[in-house]
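These notes concern the structure reproduced below.
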Amino acid sequence: QKSYPLDEDVFFLQTEEVAPGKKIRPHIYRHELLQAFSMHLFSKRPVEPIVDLDSFRRSLARRVALAALQIRLNVGGRSDDPAFTFVEFNQLDSAREGCAVCSLDMTAEPHKWKEAIHKSLAEIRKLGVFGVTMGEMERYASSLMTDAEQLAAQGDRIQHGDQLAYLMETVANGHTFMSSEQSYHMTARALSSLTLEDVNEAARELCSHVMSFKEGEPAAEGPVIAVACLPKGYKEGDAEYCDEEALVEAIYEACQIEVEPEKDVVVPFTLVPEDDLAVAMEKNPPEWLGGQFTDGTPNTSPDSITRPFTLRRLGNGIRMGVAYNPHESQRGHLRIVAPGGRDAEKRLGFKKGSMAIGARTMQEGGAFGPWTREQVELFCVDHLLMVEINCSEESITIDFTFPTTNVGNVGFGDEVQLGITGTESV
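Residue numbers for the sequence shown follow our numbering, beginning at 18 and rising by one.
Structure, rendered in structure tokens:
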């Protein structure tokens, strides 16, 4: 093949060897429109076909380990001065790539890029070295079971296009295709025999490419690719400046940090004790009242069900509307609307932006009563709750998405101990 005039301008990625047999292939993109530092560290592995119970159990063990690591990273990212603004660690089977891609995606402020690399890679090494705790395994295995149960309940409502895409991806990766109901039964069988050792072995496998850079550890197969994107314009010597050599050095330094085992966090069974609820209900007995309207709509009785909405009032005057959604089995949504919002700042004499900042503080803070933010967040994870607090011009809204079945269960099969329902947890 003849050479072309632009051949000498082509820049090929260089592979750097930080230790004998330990290779990193770095590359950096710079652009004027970028405002944050982002890094993508990934390694490629062969796809393990899921064709029997043993391979399916190993895939569930990987999902438990990934869930534990992601929650640890999320909790670390909610501190007063977080090192990164976004971080995600995952492994996906890619038919297009012809392999399984294990990747770390991270975004941070430009001047904190080195600290973000150190903290995220140290957390990954901690999982690979010490594994998950027994409490983490029980929580995330129970979440997998609840997730499979909900998917089975919605199996006949999955769109044909989504089902076809899932079928094509499954066949291309060499996996056995299962319906949502079959997957639910297989999940129950696999989790009933899943052990802590299985999950920790999967964790070591997932983190092996990061652990390999530690001095004394065997080298991983193939190079680890590190791609960083950062704003253009910083000069050498600035805290925000990063080049290929500095990126490789920061990754290697992060893998030398000594790590300690994760402490198991006590997750409450319920955020409000039953005794406190009983006392509150005794002081303020709940009572249903009929719906009353000022726009000409006929009033509704407190014991009737109307369509499409059932409209009632509580004894304290709170208005409630309830509707049935046939498109999402075993899922509920609750929205609490408190009038006020940004408009109340002027009427109540608050400083501008105080309502919006207060709503954001409630969203990011998360502490509740005697429970810490981490305990509340893990409670939401255990019970598959999604909570979002927003402030608009007219109101403050609190949205809850939750399962209507029992969640936070312990054990599987005949030995399962049912937890509270998602509705009760909300």
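For glycine and all other residues, C-beta sits at the position ideal for the given N, C-alpha and C.
At the C-beta level, P63 and C116 come within 8 angstroms of one another.
When E49, D69 and R79 are compared, the shortest CA-CA separation from D110 is found for R79. Under a 10 Å Cβ-count criterion, Y201 is classified as buried, with 16 or more other Cβ atoms of the shown protein chains found around its own Cβ. Distance check between S76 and each of L208, S225, A36 and K369 places L208 closest, using alpha-carbon atoms only. Between L213 and I141, the C-beta spacing is not below 8 angstroms.
Note on geometry: alpha-carbon atoms of E275 and A139 lie some 8 angstroms from one another.
Residue pairing by DSSP puts K39 in a beta bridge opposite A36. According to the DSSP assignment, V339 belongs to the beta strand (DSSP E) that extends over R336 to V339. In the structure shown, A112 adopts coil according to DSSP, grouped into three states. Counting every other CB atom within 10 Å of its CB across the protein chains shown gives F310 a total below 16, marking it as exposed. In the DSSP annotation of this structure, the continuous segment of the beta strand (DSSP E) that includes T414 starts and ends at S412 to P420. Judged by their CB atoms, F419 and G349 are nearer to each other than the 8 angstroms cut-off. Spatial neighbours of A165 in its own chain (CB-CB distance under 7 angstroms, excluding positions within 5 residues in sequence) are listed in chain order as S200, Y201 and T204.
DSSP places C397 in the uninterrupted alpha helix (DSSP H) bounded by R390 to D399. Taking a 10 Å sphere around the C-beta of K129, we find 16 or more other C-beta atoms and assign the residue as buried. The alpha carbon of I353 has as its nearest neighbour, out of I415, N333 and R42, the alpha carbon of I415. For the options E49, T327, F385 and H226, the alpha carbon positioned closest to that of A340 is the one of T327. With fewer than 16 other CB atoms across the displayed protein chains lying within 10 angstroms of its CB, Y183 is exposed. For H57, the enclosing beta strand (DSSP E) has its first and last residue at F54 to R62. Residue environment: I335 is assigned as exposed (fewer than 16 neighbouring CB atoms within 10 Å of its CB, all protein chains considered). The segment 295-308 makes no contact with the segment 393-407; the number of CB pairs closer than 8 angstroms stays below 3. Beyond the five residues adjoining it in sequence on each side, A220 comes within less than 7 angstroms, by CB distance, of A82, L144, G145, G148 and V149 in the same chain, given in chain order.
D260 is a Cβ neighbour of I45, given a cutoff of 8 angstroms. Here DSSP, grouped into helix, strand and coil, assigns L288 to coil. DSSP places V354 outside any alpha helix (DSSP H); the residue lies instead in the beta strand (DSSP E), whose first and last residues are R348 to P356. Membership of A207 in the alpha helix (DSSP H) is indicated by the continuous run S197 to S209. Under the DSSP assignment, I406 falls in the beta strand (DSSP E) whose first and last residues are M403 to C408. Counting along the chain, the unbroken alpha helix (DSSP H) around G375 starts and ends at S371 to G382.
Approximately 19 angstroms separates the beta-carbon atoms of Y269 and V104; this is outside 8 angstroms, ruling out the contact.
When beta bridges are read from the DSSP output, R47 appears opposite L247. At a Cβ-Cβ threshold of 8 angstroms, V241 and S60 count as neighbours.
Along the segment 267-327, the alpha helix (DSSP H) occurs as fully enclosed runs of 4 or more residues at 291-300, listed in sequence order. 8 angstroms or more divides the Cβ of R42 from the Cβ of L247. Residue burial is scored here from C-beta neighbours: T163 has at least 16 other C-beta atoms within 10 angstroms and is therefore classed as buried. Going by DSSP, A220 is part of the alpha helix (DSSP H) stretching over L213 to L223. Exposure of D71 is indicated by the presence of fewer than 16 other C-beta atoms within 10 angstroms of its C-beta.
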